[in-house]
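S.K.: Chains as they are written, first to last, in the working numbering: chain A, 24 to 238; chain B, 24 to 238. Structure provided below as structure tokens; questions to follow.
2 protein chains.
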Amino acid sequence: MREQFQKELDGVSTTLVQMAGLVRVAMDNATTALLTADLTLAEKVIADDTIIDEIQHELDARTINLIARQSPVASDLRTLITSLRMSADLERMGDLAHHIAKSARMRYPATAVPPELSLTIEEMGRVCSKIIEKVSTIIEKRDADRALEVEKDDDEIDALHRKIIQTLLDPTWKHGIETAIDMTLLGRYYERCADHAVSIARRVYFLVTGSYTKN
Amino acid sequence: MREQFQKELDGVSTTLVQMAGLVRVAMDNATTALLTADLTLAEKVIADDTIIDEIQHELDARTINLIARQSPVASDLRTLITSLRMSADLERMGDLAHHIAKSARMRYPATAVPPELSLTIEEMGRVCSKIIEKVSTIIEKRDADRALEVEKDDDEIDALHRKIIQTLLDPTWKHGIETAIDMTLLGRYYERCADHAVSIARRVYFLVTGSYTKN
């Protein structure tokens, strides 16, 4: 019985890793669609978001069913409750990729990002992708050391976000209010995506060590 | 034993209602601080956010403990899992009030909101407050009919949000990029607060009726 339960617990973790993989692809594609005004890719991210949502629904139903059938206590129960929270974080990260893709679609055939910000956005996308990959490993290996690293990665995202705002406020900014609004929201989407990744890393850290990360 | 369990279930609901009350006060104060450049009130919202966070921690620990001790199944288990999700929504709504208050503090002694948008922001604050009050009743009375109303209230928020963006894009806009960035983010904070309220309403609707609201 314990063996079967352990198998099901592992299954929950495997699905979370699978979700993280899809979120990473969505975020990578959304960034590419945004920077290259690729409408087909933007549409794909928008359409594929329902796949992430469906996996979350299935996973949560399975997790709740597992709690009901097995009445776990202590660390098993905490693991399952934490899984529900991590699936919610991942689902929301998928939504944010979806928002970025919608921004790309809205400005097509133009690119939403002006030339002086495209490197910064590319970098935000790259760091975000790195964080999501790390989070995937953290979930899979329950790796507390790597969970601590994510806080530092998030500082990179915050610095890039500040850089966007500085660029918008520079007197030489010549792309007007509409592009400034787009860029404000895009910066926020990447930042929020990284925040959710930090949440996941903190949850795993707590599960493994029993203490909170300093922040 | 069932009687004791029911009492504890009711206790969880009471704490959620209490959280909603604090979130509503925070949102009301944040809006007032924003519109009147009231630094003391802004600081109060910022400081009091930890109270909401602490109540959430205590409530979640209590809820998980209840699941571990009582091994509930079916509707009791669903109610407790839903409580964990609602407390996360409410905690996040508190964060958004905190963000609004920080925006007020950052621009002090100036007001962050220019005169032509102060009525729109006031209205967003009013509708948000109404929604949070409704959500509080929905949790308390498990009122599915009222849960449906929240979707319509959210349409009001979306319309006000569009009005902000239109104002920013109007050729007569004379407050520059920095104020446009502030207003873009503020609009987003109110909108996200209402989105979380809609989530809570949908969760209660599903608990009570067993079906999803149409959207």
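Glycine is no exception: its CB is placed at the ideal position from the N, C-alpha and C atoms. Note that the structure is predicted; figures quoted are calculated from it, not measured.
Would you mind working out which of Gln27/A, Glu114/A, Leu209/A, Arg85/A sits nearest Thr54/A, comparing C-alpha positions?
M.R.: With respect to the C-alpha of Thr54/A, the residue from Gln27/A, Glu114/A, Leu209/A, Arg85/A having the closest C-alpha is Leu209/A.
S.K.: Please name the residue, chosen from Asp61/B, Leu32/B, Ser152/B, that lies closest to Arg101/B on a Cα-to-Cα basis.
M.R.: Leu32/B
S.K.: Near Tyr131/B, which residues of its chain fall below 8 Å by C-beta distance, leaving aside the five closest residues on each side in sequence?
M.R.: Ala60, Leu62, Ala65
S.K.: Could you check the C-alpha separation between Ala120/B and Gln27/A for me, to the nearest Å?
M.R.: Cα-Cα distance, rounded: 45 Å.
S.K.: From Asp99/A, Leu113/A, Lys67/A, Trp196/A, pick the residue whose C-alpha is nearest to that of Val158/A; which is it?
M.R.: Closest option to Val158/A, Cα to Cα, is Leu113/A.
S.K.: Can you give me the start and stop residues for the alpha helix (DSSP H) that Lys30/B sits inside?
M.R.: 25 to 59
S.K.: Beta carbons nearer than 7 Å to chain A: which residues of the segment 188 to 209 of chain B have them?
M.R.: Result list: Ile188, Leu191, Leu192, Trp196, Ile200, Glu201, Ala203, Ile204, Thr207, Leu208.
S.K.: Are the beta-carbon atoms belonging to Ala278/A and Asp83/A less than 8 Å from one another?
M.R.: No answer is possible for residue 278/A: it lies beyond the span of chain A, which begins at 24 and ends at 238.
S.K.: So that I know if they touch, is there some Cβ in chain B lying closer than 8 Å to that of Val231/A?
M.R.: no
S.K.: By how many angstroms is the C-alpha of Cys151/A removed from the C-alpha of Thr190/A?
M.R.: Using only the alpha carbons, I get a separation of about 20 Å.
S.K.: Report the option in Asp99/B, Lys67/B, Ser106/B whose CA atom is closest to the CA atom of Leu39/B.
M.R.: Ser106/B
S.K.: Once DSSP output is grouped into helix, strand and coil, what is the label at Asp99/B?
M.R.: helix
S.K.: Can you list the residues of chain A that Leu100/B reaches, using a CB-CB cut of under 9 Å?
M.R.: Residues of chain A passing the Cβ test: Ile87, Ile90, Ala91.
S.K.: Given this structure, state the Cα-to-Cα distance separating Leu58/B from Gln41/B, to the nearest angstrom.
M.R.: 26 Å
S.K.: Taking the alpha helix (DSSP H) that Pro138/A falls in, what are its first and last residues?
M.R.: 138 to 164
S.K.: Using the beta-carbon count (16 or more within 10 Å), is Tyr235/B buried or exposed?
M.R.: exposed
S.K.: Which chain A residues sit within Cβ distance under 8 Å of Ser94/B?
M.R.: Ser94
S.K.: Classify Leu192/A: buried if its beta carbon has 16 or more other beta carbons within 10 angstroms, exposed otherwise.
M.R.: exposed
S.K.: CB-CB under 7 Å to Ala224/A, same chain, minus the five flanking residues each way: which ones, in chain order?
M.R.: Val158, Ile161, Ala170, Val173
S.K.: Going along the chain, which residues of the segment 139 to 152 of chain B sit with their C-beta nearer than 9 Å to a C-beta in chain A?
M.R.: none
S.K.: How should Ser110/B be labelled, buried or exposed, when 16 other C-beta atoms within 10 angstroms of its C-beta is the threshold for buried?
M.R.: buried
S.K.: Less than 8 Å between CB atoms is the rule here; does Leu57/B satisfy it with respect to chain E?
M.R.: The question asks about chain E, but that chain is absent: this structure's protein chains are A and B.
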